[in-house]
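**Student:** My questions all concern the structure below.
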Amino acid sequence: MPPKLTDLEIYEFAQNVLSRITEKLSETYYKNLNGSLTLGWSEEPQFNAWAESHTIPGQAPNHKIILNYELVRQLYRDAEGFCAYVQTEPVLNLIKNAFKNHPHDCLPRCFTLESCIKNMFLSALTWVYYHELGHLMQEHGMVRNNVVGSATKNTIGEIDSHAKIPLTGRAALISHATELAADFEATTLCVFSSALHFLKESSDLCDAEVFTGNIYLLTCSLACIFYRFNGGTAGAMGTPITGSHPSAIYRIEIIAPHIYELADRLLKENGFEMTNGRLISVVKQAADLGSLYYNYSITSASEKTIDLFIKGFTNRPEFKPYSREIVNIWDEIYPTIVASRRFGIDAGLMQLTDAFRQFSFNE
Ligand SMILES: [Zn+2]
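So the number in my numbering is just where the residue sits in the sequence shown, counting from 1, plus 717.
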């Protein structure tokens, strides 16, 4: 096994990485807008992160991202735990049997075990940071509070531990839709960063493998993060929508196609050919193993394996009523979101495709 990092070493590593990203974002975007982005840390012993906007509508963005040290610690320990878990005999057999049409290595061969843990952790850490940035880029606090013309501190937390009564009605709808929107921003930024890092520099075929390996580890980590943010369970999928966050399974199902479509596009744009079918199966195996690890290693699962695994929306008729509510509210708030978004990659703006709309509304 690779050397185990102490908790303090994990915190220091995370602080260095995220401070550099904050500086780069400040320099690239916020400086030109006369705005500011800062990073903060909290010692609250809970798996949580949040975004604070102090922006006055119509003026420069004033944003802050705060992560709990405990979140960072658990992300690292999950990366260690996952990498050990997928090398166990039962999981290796499962890969051979359940994924028999397209079995992929349990961990990408292009990385050492130590690099797998480090890359999975880095993917998870930057994804959480970018998810909070996604809330801020689209000023979700203002959309949620419908604040007009005043300076109000808007805070969006990933675990709504202070809410005595779960959100209902319009507030719940907006909260769920903007969580999915922040997932899109975060995932897009992570996939683009990975392509910039691994694909831009040369046309070596190995780079496509390393990029794909990194996408695999990112997807594994997402499944773990979604369950952790939902307090360890998949979460309810019922309507009318209540609470603040979508279910873990729904978040995985909606983000997986975005990952493989974006990865495929970036590979092609950089001169690499890889069949979309291979990427689909890579992403599916990664998401399924992430869910399996979380549900069967960290907690004792209450869902059947088959329901935890990606099936594709067309095979999830139970998602239709929920999806209809998401489409309706997203279409309503979309113009406000677009008007608030002053920087970002086009692909980061959540698009609910015609196919998704047809699935949602056709009985
Ligand atoms: Zn969020």
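Cβ atoms here follow ideal geometry from the backbone N, Cα and C, with glycine treated the same way.
Just so it is clear, the structure is predicted and the values come from calculations on it, not from any experiment.
(1) So T843 and I738 are supposed to be a Cβ contact under 8 Å. How far apart are they, rounded?
(2) Please report how far the alpha carbon of P883 lies from the alpha carbon of I876, in whole angstroms.
(3) Can you check DSSP and say which residues form a bridge with L725?
(4) Taking any heavy atom of ligand 1 as the mark, which residues have a C-beta closer than 6 Å to it, listed down the chain?
(5) Short check: CB of A768 to CB of I782, under 7 Å?
(6) Can you pull the DSSP bridge partners for W758?
(7) Measuring only the C-alpha atoms, how far is Y802 from S998?
(8) With distances taken Cα to Cα, identify the nearest neighbour of P774 among P1034, E856, S832, T755.
(9) Just the Cα atoms here: how many angstroms apart are L890 and E806?
(10) Using 7 Å as the threshold, is the C-beta distance between F838 and M1067 below it?
(11) Going by beta-carbon coordinates alone, are I969 and A940 separated by less than 7 Å?
(12) Using 8 Å as the Cβ pair cut-off and three pairs as the minimum, do the stretch 1042-1051 and the stretch 1069-1078 touch?
(13) If you draw a straight line from the C-alpha of K985 to the C-alpha of A925, how long is it?
(14) Going by the beta-carbon positions, is the gap between Y944 and A973 smaller than 7 Å?
(15) How do the stretch 927-939 and the stretch 1001-1013 stand: do at least 3 beta-carbon pairs fall below 8 Å, yes or no?
(16) Threshold first: 3 residues or longer. Then list the beta strand (DSSP E) segments lying entirely within the stretch 798-875, N to C.
(17) Let me know if S867 comes out buried or exposed under the rule of 16 or more other beta-carbons within 10 Å of its beta-carbon.
(18) Looking at the strands, I want to know which residues DSSP matches up with W767.
(19) Taking just the CA atoms, how far does M954 sit from S911?
(20) Between which two residues does the alpha helix (DSSP H) holding A965 run?
(21) Can you tell me whether S961 is helix, strand or coil according to DSSP?
(22) Expressed to the nearest angstrom, what Euclidean distance is found between the alpha-carbon atoms of T895 and N1079?
(23) Determine whether the beta carbon atoms of D724 and R794 lie at a separation below 7 Å.
(24) Can the beta-carbon of T1016 be found closer than 7 Å to that of G949?
(25) G1065: which of S892, L979, E1049 sits nearest, CA to CA?
(26) Would you kindly report the start and end of the unbroken alpha helix (DSSP H) that includes Q1075?
(27) State the CB to CB distance for the pair K917 and N987, rounded to an integer number of angstroms; the pair is presumed to be in contact (CB under 8 Å).
**Tutor:** Quick look at the numbers:
(1) That pair is a contact at about 7 Å.
(2) Straight through space, the alpha carbons of I876 and P883 are spaced by roughly 12 Å.
(3) Answer is none; L725 lacks a bridge partner.
(4) Environment of ligand 1, chain-ordered: H848, H852, I873, E875, E896, A899, taking every residue with Cβ within less than 6 Å of a heavy atom.
(5) Taking 7 Å as the Cβ cut-off, A768 and I782 qualify as a contacting pair.
(6) According to DSSP, W758 bridges with L784.
(7) C-alpha separation (whole angstroms): 20 Å.
(8) Closest by alpha carbon: E856.
(9) Take the alpha-carbon of L890 and the one of E806: they are about 43 Å apart.
(10) No, they are not a contact pair.
(11) Taking C-beta atoms as the reference points, I969 and A940 count as a pair closer than 7 Å.
(12) Touching, yes.
(13) Looking at the two C-alpha atoms, the distance is approximately 10 Å.
(14) Not a contact, by the Cβ cut-off of 7 Å.
(15) Yes, the stretch 927-939 touches the stretch 1001-1013.
(16) Within the stretch 798-875, the complete beta strand (DSSP E) segments of 3 residues or longer fall at 871-874, listed in chain order.
(17) Low local confidence applies: a pLDDT of 45 at S867 is under 50, so the model's placement there is unreliable, and no value is given.
(18) Note: W767 sits in a beta bridge opposite I783, G874.
(19) If I take the Cα positions, the gap works out to 32 Å.
(20) A965 -> alpha helix (DSSP H) spans 965-986.
(21) In the three-state reduction of the DSSP assignment, S961 falls in the coil class, being assigned neither a helical nor a strand state.
(22) Distance between the alpha carbons of T895 and N1079: 24 Å.
(23) No; because the gap between Cβ atoms is not below 7 Å, this pair is not in contact.
(24) Taking 7 Å as the Cβ cut-off, T1016 and G949 qualify as a contacting pair.
(25) The residue with the shortest Cα to Cα distance from G1065 is L979.
(26) For Q1075, the uninterrupted alpha helix (DSSP H) segment begins and ends at 1071-1078.
(27) Contact flag correct, Cβ pair sits at about 7 Å.
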